[in-house]
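Position in the sequence shown (from 1) plus 229 gives the number in our numbering.
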Amino acid sequence: MSTSDQLPYVVASYVVTLGAIGAYAWRMLARARKIAAKVPPKDRPWT
């Protein structure tokens, strides 16, 4: 099996991996925003 035969598998692996990491990061940020909105303003040390 030559390198050119393996290229689609390598590219697909990168796409799946980076897509999963991106989806996880997006989901975590969405959850953080939702939870942060419930914290009273006086208890928000990041503002």
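Cβ coordinates follow ideal geometry from the N, Cα and C atoms, glycine included. Just so we're clear, the structure is a prediction, and the values are computed from it rather than from any experiment.
- Boundaries for PRO274: no alpha helix (DSSP H) harbours it, and the DSSP string shows neither H nor E there.
- For SER231, the secondary structure class from DSSP, reduced to helix, strand or coil, is coil.
- Per DSSP, reduced to three states, the secondary structure at VAL268 is coil, with no helix or strand assignment.
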